[in-house]
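Take the sequence shown: its position 66, counting from 1, is numbered 117 in the numbering used here, and each next residue is one higher. Where is the CB? At the ideal position from N, CA and C, for every residue including glycine.
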Amino acid sequence: MLGHSDLVEHTNKLGPLLPSAVTDYLESTYLKFIENNYTEWMQNTLKSEKEEWRSSASPQTDTRTTAPLIIFQMINQNLEVAKTIGDEMPL
């Protein structure tokens with residue numbers, strides 16, 4: 052919002068909203084949170100896949116896994132959320 056072209060003249064005089072140490076801490080905390088989410092989602096996905104493979108029910112179609120699609124969607128969703136934070140967010 053502060054990067055809007057109508058505000059550039061006024062915001063150039065302002066310093067950063069947060070000290071860099073705080074920004075670094077927040078980024079680090081956010082990235083650790085995302086990493087933990089990935090780990091949990093992947094473990095749950097693998098657990099579901101394992102249960103599906105071990106079930107006694109016959110597959111209704113050719114055997115395939117949806118795990119890559121689920122993981123891709125998870126990563127894509129997190130990237131979209133990161134974009135809302137700002138373009139400066141390291142990914």
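- Across the structure, residue 97 and residue 83 are spaced so that their CA atoms are roughly 21 Å apart.
- Looking from the CA of residue 104, the closest CA among 118, 91 and 92 belongs to 118.
- Less than 8 Å divides the Cβ of residue 100 from the Cβ of residue 116.
- Sorting 135, 69 and 94 by C-alpha distance to the C-alpha of residue 122 places 94 at the top.
- Approximately 13 Å separates the beta-carbon atoms of residue 127 and residue 85; this is outside 8 Å, ruling out the contact.
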